[in-house]
Structure formats: C-alpha cells, structure tokens
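Report on one structure; see the data block that follows.
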Amino acid sequence: MFDVVVIGGGPSGATAAEDLARSGHKVALLDRAGRIKPCGGAIPPRLIADFNLPDDQIVARITTARMISPTGRHVDIPIENGFVGMVDREHFDEFLRVRAAQAGAVRATGTYLRIDRSGPTPAVIYRDKVTGNERSLSTRLIIGADGARSNVARDEVPGAERIPYVIAYHEIIEAPAATAVYDPERCDVIYDGAISPDFYGWVFPHGKSASVGMGSMVKDVDLKRATADLRAASGLTDCPTIRREGAPIPLKPLDCWDNGRDVVLAGDAAGVVAPSSGEGIYYAMVGGRVAATAASACLASGRVRDLKLARQLFMREHKTVFRVLASMQNAYYRSDERRERFVSLCHDIDVQRLTFEAYMNKKLVKARPMAHLKIGLKNLAHLTRLVSATRT
Numbered sequence: 150m151f152d153v154v155v156i157g158g159g160p161s162g163a164t165a166a167e168d169l170a171r172s173g174h175k176v177a178l179l180d181r182a183g184r185i186k187p188c189g190g191a192i193p194p195r196l197i198a199d200f201n202l203p204d205d206q207i208v209a210r211i212t213t214a215r216m217i218s219p220t221g222r223h224v225d226i227p228i229e230n231g232f233v234g235m236v237d238r239e240h241f242d243e244f245l246r247v248r249a250a251q252a253g254a255v256r257a258t259g260t261y262l263r264i265d266r267s268g269p270t271p272a273v274i275y276r277d278k279v280t281g282n283e284r285s286l287s288t289r290l291i292i293g294a295d296g297a298r299s300n301v302a303r304d305e306v307p308g309a310e311r312i313p314y315v316i317a318y319h320e321i322i323e324a325p326a327a328t329a330v331y332d333p334e335r336c337d338v339i340y341d342g343a344i345s346p347d348f349y350g351w352v353f354p355h356g357k358s359a360s361v362g363m364g365s366m367v368k369d370v371d372l373k374r375a376t377a378d379l380r381a382a383s384g385l386t387d388c389p390t391i392r393r394e395g396a397p398i399p400l401k402p403l404d405c406w407d408n409g410r411d412v413v414l415a416g417d418a419a420g421v422v423a424p425s426s427g428e429g430i431y432y433a434m435v436g437g438r439v440a441a442t443a444a445s446a447c448l449a450s451g452r453v454r455d456l457k458l459a460r461q462l463f464m465r466e467h468k469t470v471f472r473v474l475a476s477m478q479n480a481y482y483r484s485d486e487r488r489e490r491f492v493s494l495c496h497d498i499d500v501q502r503l504t505f506e507a508y509m510n511k512k513l514v515k516a517r518p519m520a521h522l523k524i525g526l527k528n529l530a531h532l533t534r535l536v537s538a539t540r541t
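Take 150 as the starting number for the sequence shown in the working numbering and just add one per residue.
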C-alpha cells in the first residue's frame, strides 16, 4: 500500500515523487521509459536554484537570444547578469527519476491502463514493460503527471480533453562548429509564417547537439517539411540527425486539476505550459511540487478539498504571467505583419530587460513604471498600425 502513486516520470512526476518521498511518504513512480519528449530544453536560473540542479546537467549556457522576423530582420538580446541553461531531456528526465528513487520512491516501469476502485482503496493498474502482464499498485492518492493529452486526466477530470494544443516537432542534430549563422551560445527564435503560421520555430544549442523544430495548431501544416526548411535557412541541412520527436504541448492550464476524490494532476497533464514561449520544464517541476504539497495536505487532514491546493498555489504565483503571455500570443502570432511588429518591439532595450528579468525570475517586474508606460504606448502604436511594422 502506497500513500501516493505518481503516474508519469517526466520533470513534473519525478519532482512530485521526490518531494513526497523526502517528506516521509511511501511513493511509487510509474513511468513508461524509453520516450523522450520533444523539447527545446531551456531552463531559467530560478529552476537551477529552486530544484538544486547540478552543473553537470547543464549541456550549454546561452548568453544571447536572437529574434528573427518573417522578412529576416533580427535582433540579438543579451542575457544580462546570467544565462539560460540548456538540458538534454534524454538524460535530464532520467536524472530526476534516479534522484526520486534515491529519496525513497519505488520505481515501476510500464504503461498506465486504468484506476481500479473495486477494493477499499484505489489501485493503479499498469502493463509491466518487461513481462507484459498487468500489475497493480494500491494507493491512497494518485498524481497524474502523464503529459499532454493525459490518460489519467481523460479518465478522471471532466473537460480535460478540451484543452488547446500546439503540436511540436523537432530534430536533434549533431551541432556544427560555430559559424556566422550558428552560435553555440545563442538561441534563435524564428517568427515566420512560412515555418509556423501561429507559433514559432527554434534553433537551440545543446553543446554537442542542437534542437531544431517548430510547433503549430494548424492541422494541415507539414511539421517535417517546415523543420527541413528551417534547417536549410539556418545552414543546418547537412548536419547528421540524431533523432526526431513530436508531441502535443498544451497552451492553457485546466480549470480543474483534481477529481474531488483521490486524483490530482501535475505538469503538462494540468496544462501548465507558458503561452507564447511554450516554456514547460520549470512550470512542470513547480506543478509537481504543488501537487506533492496538496497530496501531503490531503493525507494529513483527510480532506479531499485539499487537493485543490495544487492549482491554487500554482495560479497564485504564475496566473498573471500566463495571462500576459497569452495576450501577447493572441496579439502578435496571428499574421506575419504582426510578427514583424513583434520583432520590432524586441529592439527596445526596456522590452529586452523586462522580458528576461521576468523569464529569469518568473515574476513580472513592477519597479519601472516609466518603462512599462513606454512599452504600453509602443504596443498600442503597433497594434493600431500608427507606425510602420519595422519601426523599432
């Protein structure tokens, strides 16, 4: 009998399992194993500090972000007083699972099938990866951290299947030597409708490798063709391809993260990926932490309403940032003309500083009212077309 079974061993599930195990709870961590999520791999300094990430997990340190417009104009934004870390999900996720096991979580490898409630407590039924047999994990509570389009969410939380998604696709390639086009310390973000009509493309260095990809909600977009075009435009066509991956990325947190009984969601299963940027690792790990906090509270009090703490704690800190990013995506991702204007805005020093201060610290910067006023006026001028699309 476990106190909690965590379904899904990505950053969210592994974090939840580790936190619960360190708190003295008996925890099982169920993961399919073998799947690598498509991900640019960017993490902010706050994640490194909050989750005690060792240096050997950082495969690259990014000091510049390049924003590229549909017409090829670009702006290089320096990352002042720090860096953006890059991780390789193939190794990063397993590191987190091993750390959870070292804290006391029991690992199980297999595929989630269903929750059985025929006994006095629920049991997670899964298909063991090695034997192919069905096995059971009896538990008091369940954390569903099984990713976007979560099967646990589908089974347990009404309305979970209606969450909007971007389909992301990327190719991990062998990184070339530094050139005039490719910089191993620079992330390129490509806002071009020819690559993605409603999101963006990216080239993110990972040390010896690099992630090149894009995402879109438009069903008839050829993701592989668009990525090939992006590689060609970035001078990366001849780089050997290591692997190809695709998966949905949720764009909006669910309105409810629990079933009011014995299940709470975390990470992509709860929809906690930042709009506009698609950033998910930090928010997934925070989602795992608040799910563990809610589960601990529920186990201590016996009150199922304490499961709602997961969403309440997360949204209390991050709701405003998510709303601002969603508004930005809705305003500027709808056409190439708007994307051109967005890159023009990125030339503004105050936009650059406020954006990266918010990214690095995961909080909106409120200490510069005049900068906010100036940025607001520039936004208004571009959205109402009072200035040309290339006005910076």
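Where a beta carbon is used, it is the ideal one built from N, C-alpha and C, also for glycine.
Spatially closest choice to residue i from the options, by CA coordinates
{"i": "aspartate 562", "options": "Arg465, Glu486, Arg298", "result": "For residue 562 there is no data in the structure shown, the boundaries of the chain being 150 and 541."}
{"i": "arginine 454", "options": "Ile344, Pro397, Leu462, Ala443", "result": "Ala443"}
{"i": "isoleucine 185", "options": "Asp237, Arg540, Val361, Lys527", "result": "Asp237"}
{"i": "threonine 270", "options": "Ser450, Met434, His240, Val153", "result": "Val153"}
{"i": "serine 476", "options": "Ser426, Leu448, Pro399, Ala449", "result": "Ser426"}
{"i": "arginine 392", "options": "Tyr481, Lys401, Lys373, Ile398", "result": "Lys373"}
{"i": "tyrosine 349", "options": "Gly364, Ser360, Ala359", "result": "Gly364"}
{"i": "glutamate 394", "options": "Pro160, Arg181, Leu448, Ala317", "result": "Ala317"}
{"i": "valine 439", "options": "Pro307, Asp168, Ile156", "result": "Asp168"}
{"i": "isoleucine 430", "options": "Ser445, Ile398, Cys447, Ala441", "result": "Ile398"}
{"i": "glycine 437", "options": "Gly420, Leu448, Ala449, Pro424", "result": "Gly420"}
{"i": "glycine 221", "options": "Ala415, Pro203, Ser537, Ala382", "result": "Ala382"}
{"i": "valine 367", "options": "Ala272, Arg483, Thr386", "result": "Arg483"}
{"i": "methionine 519", "options": "Lys511, Thr533, Leu503, Ala441", "result": "Leu503"}
{"i": "valine 279", "options": "Gly384, Arg181, Ala396", "result": "Arg181"}
{"i": "glycine 190", "options": "Gly362, Pro424, Arg472", "result": "Gly362"}
{"i": "alanine 460", "options": "Ile292, Leu245, Asp369, Arg284", "result": "The sequence shown places arginine at residue 460, not alanine. Measuring from the Cα of arginine 460, the nearest candidate turns out to be Ile292."}
{"i": "isoleucine 312", "options": "Leu400, Asp205, Phe471", "result": "Leu400"}
{"i": "asparagine 510", "options": "Arg171, Gly183, Arg276, Ile197", "result": "Ile197"}
Cα-Cα separation between residue i and residue j, rounded to whole angstroms
{"i": "cysteine 495", "j": "arginine 248", "result": "39 Å"}
{"i": "arginine 380", "j": "asparagine 282", "result": "43 Å"}
{"i": "valine 233", "j": "asparagine 300", "result": "32 Å"}
{"i": "glutamate 243", "j": "histidine 174", "result": "21 Å"}
{"i": "aspartate 411", "j": "leucine 290", "result": "5 Å"}
{"i": "glutamine 478", "j": "arginine 215", "result": "18 Å"}
{"i": "glutamine 458", "j": "alanine 163", "result": "Checking the displayed sequence, the identity of residue 458 turns out to be leucine instead of glutamine. Between leucine 458 and alanine 163, the C-alpha separation is close to 19 Å."}
{"i": "leucine 462", "j": "tyrosine 432", "result": "12 Å"}
{"i": "cysteine 405", "j": "arginine 303", "result": "12 Å"}
{"i": "cysteine 388", "j": "serine 345", "result": "22 Å"}
{"i": "methionine 235", "j": "arginine 263", "result": "35 Å"}
{"i": "isoleucine 192", "j": "isoleucine 228", "result": "13 Å"}
{"i": "histidine 240", "j": "glutamate 334", "result": "20 Å"}
{"i": "alanine 530", "j": "tyrosine 481", "result": "13 Å"}
{"i": "isoleucine 524", "j": "valine 492", "result": "13 Å"}
{"i": "phenylalanine 151", "j": "valine 176", "result": "6 Å"}
{"i": "serine 360", "j": "tryptophan 351", "result": "8 Å"}
{"i": "alanine 166", "j": "arginine 452", "result": "21 Å"}
{"i": "glycine 409", "j": "leucine 456", "result": "7 Å"}
{"i": "glycine 159", "j": "aspartate 499", "result": "35 Å"}
{"i": "alanine 294", "j": "leucine 178", "result": "10 Å"}
{"i": "threonine 390", "j": "aspartate 332", "result": "18 Å"}
{"i": "alanine 449", "j": "threonine 288", "result": "15 Å"}
{"i": "alanine 309", "j": "tyrosine 340", "result": "30 Å"}
{"i": "alanine 250", "j": "threonine 539", "result": "53 Å"}
{"i": "glycine 342", "j": "lysine 468", "result": "29 Å"}
{"i": "arginine 266", "j": "cysteine 447", "result": "19 Å"}
Where residue i falls: helix, strand or coil (DSSP)
{"i": "arginine 454", "result": "helix"}
{"i": "valine 492", "result": "helix"}
{"i": "glycine 162", "result": "helix"}
{"i": "valine 208", "result": "coil"}
{"i": "leucine 179", "result": "strand"}
{"i": "glycine 350", "result": "strand"}
{"i": "isoleucine 339", "result": "strand"}
{"i": "alanine 327", "result": "coil"}
{"i": "proline 219", "result": "coil"}
{"i": "phenylalanine 151", "result": "strand"}
{"i": "threonine 213", "result": "strand"}
{"i": "histidine 174", "result": "coil"}
{"i": "alanine 191", "result": "strand"}
{"i": "glycine 356", "result": "coil"}
{"i": "methionine 464", "result": "helix"}
{"i": "methionine 366", "result": "coil"}
{"i": "valine 435", "result": "helix"}
{"i": "isoleucine 524", "result": "helix"}
7 Å Cβ cutoff, residue i in contact with chain B
{"i": "asparagine 408", "result": "Looking at the structure shown, chain B is missing, and only one protein chain is on hand."}
Contact test: residue i Cβ vs the ligand SAH heavy atom, cutoff 6 Å
{"i": "arginine 276", "result": "No copy of the ligand SAH appears in this structure; indeed no ligand is present at all."}
Does the contact criterion of 3 or more C-beta pairs under 8 Å hold for the segment 355-365 versus the segment 312-332?
yes
Unbroken alpha helix (DSSP H) runs of length 4 or more, entirely within the segment 248-322: which are they?
300-305
Taking 8 Å as the threshold, find out whether the segment 248-261 comes into contact with the segment 202-210 through three or more Cβ pairs.
no
Please give me, in chain order, every unbroken run of the beta strand (DSSP E) with length at least 3 that falls completely inside the segment 386-432.
390-399, 412-414
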